[in-house]
Amino acid sequence: MSLAGLQQLLTRSVRDGDFRRSVLQPDGLERAAAELGLTEAEKTQFASIDPDYLEGVATLVIKQRIVRREAEFGLFLNALFRYTPRGKFFQAYHQAVSVGQFGRMEELRRFVDFSFDYVVERSLPEYLVDLLRFCSHVCELAETPKVFPDEPEGALRAGSTLVLRKPHAVVQFRYDVLRLAKEDEEYGADPQPRPTTLLLQRDWRQPKRSRAFDLSEHPLLAALTRGPLTVLDAGGVLPHFTHGFVKELVESLHDRQIVHLMLPSELAAYGGDGPVGTPEET
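Numbering (the working numbering), first residue to last: 130 to 411.
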């Protein structure tokens, strides 16, 4: 077999304490080698590892793994640990997810799968799943590359087209996860369902960050999730506000890098810097 089998053996040995203790014994190593299809050379290579060194690596990897998961899923985990001991949860996680590569996205997805089953199988409060989903979407968007538009951008004009920056996602939740994220004590003490639709978007200003908007509070963003709008037509989405206010709002969205301002196709040739609609004399 290729080195893939040896890699799986090493990975699982690092992550699963019971498995590690088993394969450090001759009989346990033989069983694992047969299961993974290891060659004699690979078995010898693994057996040559100092058990104390392997134990030290396992301790370090587990600590790093916990730190990463708590950084990525802190909102979910802080709520979860009201109902289950922290150590018990992470011990179960390390034992259940003990094989595979160390790729970030694969780790994230496996953690989500494990956490979902952990909550559901123990009949823990339903809002925990929404917090898990929220953290998962935020992390995935933060890891997704920016998508740059094909058409030219320019200064704000009435005919400019507003386009939401990508990557983004529109996600429906059963609970008001933004109030939970803000640690609203009145709501968080006993959360009741409040269906909420959020726009989640990678933050273009900061690396590895995402941001969230409650679309019930942002009608213009809600309209843009359904398709692009010109600046002129944006006023129709906000009939109770002056066009001056709408223009300032568009400027704010653009300055915060939430939207692109795309030049109208007929103006693109002028680059957006010269007089509008002034053809050269021939």
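Every residue gets a Cβ at the ideal spot worked out from N, C-alpha and C, and that includes glycine.
Roughly how many whole angstroms lie between the Cα atoms of R294 and A162? 50 Å
Of all the beta strand (DSSP E) runs that stay within the bounds of the segment 302-385, which reach a length of 3 or more residues? 325-331, 339-343
Taking Q386 as the reference, give the member of R197, L392, Q335 with the closest Cα. Q335
Find the nearest neighbour of V267 within the set P254, A221, Q330, judged by alpha-carbon distance. Q330
Residue span of the beta strand (DSSP E) that contains T290, given as start and end: 290-293
Opening and closing residue of the beta strand (DSSP E) in which L257 lies: First-last for L257: 256-272, but that is the alpha helix (DSSP H), not the beta strand (DSSP E).
Limits of the beta strand (DSSP E) - the one that L390 falls within: 388-391
According to DSSP, residues forming a beta bridge with A298: L329
Using DSSP's beta-bridge definition, name the partner residues of E282. M391
Can you name the start and end residues of the alpha helix (DSSP H) that Q193 belongs to? 180-201
Host alpha helix (DSSP H) of A170 (start-end): 169-176
Sequence-distant residues of the same chain with beta carbon closer than 7 Å to L361, five excluded per side: A287, G288
Figure out for me which residue from N207, L183, L291 has the closest Cα to the Cα of V258. N207
Nonlocal neighbours in the same chain, by C-beta distance under 6 Å from S151, ignoring five residues either side: G157
When you compare each of V143, E269, Y212 to R251 by their alpha carbons, which one comes out closest? Y212
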